[in-house]
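What follows is a single structure, written as structure tokens, with notes after it.
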Ligand code: ADP
């Protein structure tokens, strides 16, 4: 029940009914008082008209009288029909005569001209008093016209009854309509909630698949579906990565275990132990390399790079990396050259950028046979800095190219790499808001291109 009271559906309906109630109440009160004012004005207006008519029927006698019975009769019928009573009243002698229902009026004389509301024997009268002017100023006679306000109050009572019954009835209907509308509008939200609550690490393939109009809820459903898609990809990548990492770690560990078991099977010569230990050392180095690379990737994923950015002189950095690789290239009899223009400074992380170019150059030298050539070429292109690492090595066949930057992917077995160098390179370039691309022809060579903003 509490949950229901807290629901948007309930609050929406409540606000809707509340606002409608306030509006209806305001409108009803305005209508009531406006009508009341109008009705009173109408009565006052007809009283004034009656006074004007009656003054024309007065004889200039002392005390004054209404004119002959024939004319007066016509006035009498008209006044009776419109419910107006009319009388002449003297301050000293009381009522001198009148028309209509004047005998029921209270004996009251106003001291000044104007309107007044009087109650007499249960009836409410609106009375207009007008002093009649004579040559003889001693005579003080007033002409009074009055109309019962019973009809006016009956009309106002009827309107009040309609309002008292009508407003709550409208509110009840509005509430039912509000519940229905809120229910209709929020139904997709219920569906999204149900689906979202069923999503777990093992059920990331569920989608809302909203088929309604592209309104606010449609956009929300689409955004949630996109988010689920991204989550699913991220989870699957993570899962694959863990499986691959375990596999990669297990291989050298199994080899080490094999070496140890063979060595321990029976006593051996010292030379055999040395052989076994150096094999174990080789595997151990591979393990260390793998673990270091994994740690490096984890650091990149945690985006720690953003925290340490500085201005980097790429020309100098590339020169350093090329010099660092020169010994290895000479050893392999690979010609290593660098054609770097004077490049502008970029904002980045020096350590990571060194790692990026070392990885690419290391691969280029590693996969280029003796007599081959590796060229590092850097220049500015369309407002970007473009660095190419071009080799005349073994090349990569087309089917491997799309997967090359995936973690643990190796195009060629037999080489001692762990398949993380390019994944790390790609992550570093991405962290620098750049782009890493590759083109290669099998048996001819490869070109890795890094593009970063100036
Ligand atoms: P590895 O440690 O195995 O070199 P990388 O991620 O650096 O891992 O490279 C992935 C794969 O891409 C390598 O196994 C290799 O087959 C291929 N590769 C990378 N660079 C080159 C290159 N310059 N020439 C030919 N093949 C390359």
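Numbering (the working numbering), first residue to last: 968 to 1421.
Backbone N, C-alpha and C fix where the C-beta goes; we use that ideal spot for every residue, glycine too.
Bear in mind that the values here come from a model prediction, so they are computed numbers and not experimental data.
Check                                                                                                                                    : Outcome
Residue 1137, enclosing alpha helix (DSSP H) - first and last residue                                                                    : 1117-1164
heavy atom of ligand 1 below 7 angstroms from residue 1413 C-beta                                                                        : yes
Residue 1358 - partner residues in DSSP beta bridges                                                                                     : 1341 and 1413
Bridge partners - residue 1304, DSSP secondary structure assignment                                                                      : 1342
Candidates 1204, 1141 and 1016, of which the one nearest residue 1168 by Cα                                                              : 1204
Ligand 1 heavy atom lying under 7 angstroms from the CB of residue 1385                                                                  : yes
Option in 1116, 1143 and 998 with minimal Cα separation from residue 1086                                                                : 1116
DSSP three-state assignment for residue 1372, whether helix, strand or coil                                                              : coil
Residue span of the alpha helix (DSSP H) that contains residue 1018, given as start and end                                              : 975-1022
Residue 986 versus residue 1393 - alpha carbon distance                                                                                  : 58 angstroms
Rounded C-alpha distance that separates residue 1303 from residue 1163                                                                   : 56 angstroms
Ligand 1 heavy atom lying under 7 angstroms from the CB of residue 1388                                                                  : yes
Cβ pair residue 1110, residue 1120 closer than 8 angstroms                                                                               : no
Segment limits, alpha helix (DSSP H) that includes residue 1258                                                                          : 1237-1268
DSSP three-state assignment for residue 1420, whether helix, strand or coil                                                              : strand
DSSP three-state assignment for residue 1066, whether helix, strand or coil                                                              : strand
Element boundaries [beta strand (DSSP E), containing residue 1098]                                                                       : 1090-1099
Beta-ladder partner(s) of residue 1054, from DSSP                                                                                        : 1065 and 1111
Continuous beta strand (DSSP E) stretch holding residue 1313: start and end                                                              : 1313-1315
Near ligand 1: residue 1422 beta-carbon under 7 angstroms from a heavy atom                                                              : Residue 1422 falls outside the range modelled here, since the chain spans only 968 to 1421, and no answer is possible.
In DSSP terms, what residue 1081 is bridged to                                                                                           : 1096
Straight-line gap, residue 1399 to residue 1149 (C-alpha atoms, nearest Å)                                                               : 48 angstroms
Cβ-based neighbour list, residue 1011, same chain, cut-off 8 angstroms, excluding 5 preceding and 5 following                            : 1082, 1093 and 1095
Cβ of residue 973 within 8 angstroms of any chain B Cβ                                                                                   : No chain B appears in the structure shown, which is made up of a single protein chain.
Exposure of residue 1331, with buried meaning 16 or more beta-carbon neighbours within 10 Å                                              : buried
Of the residues 1166, 1215, 1178 and 1364, the one placed nearest residue 1194, counting alpha carbons only                              : 1166
Residue 1353 (DSSP reduced to helix, strand or coil)                                                                                     : strand
Alpha carbon of residue 1226 to alpha carbon of residue 1238, nearest angstrom                                                           : 14 angstroms
Nearest-angstrom Cα separation, counted from residue 1118 out to residue 1131                                                            : 20 angstroms
Among 1032, 1192 and 1185, the one whose alpha carbon lies nearest that of residue 1171                                                  : 1192
The beta strand (DSSP E) enclosing residue 1289, as first and last residue numbers                                                       : Premise fails: residue 1289 lies in the alpha helix (DSSP H), 1281-1298, not in any beta strand (DSSP E).
Backbone secondary structure at residue 1348 - three-state DSSP                                                                          : strand
Residue 1376: CB within 7 angstroms of a non-hydrogen atom of ligand 1                                                                   : yes
Any non-hydrogen atom of ligand 1 closer than 7 angstroms to residue 1263 Cβ                                                             : no
Cut-off 8 angstroms between Cβ atoms - residues of its own chain near residue 1312, not counting five sequence neighbours on either side : 1278, 1279, 1280 and 1281
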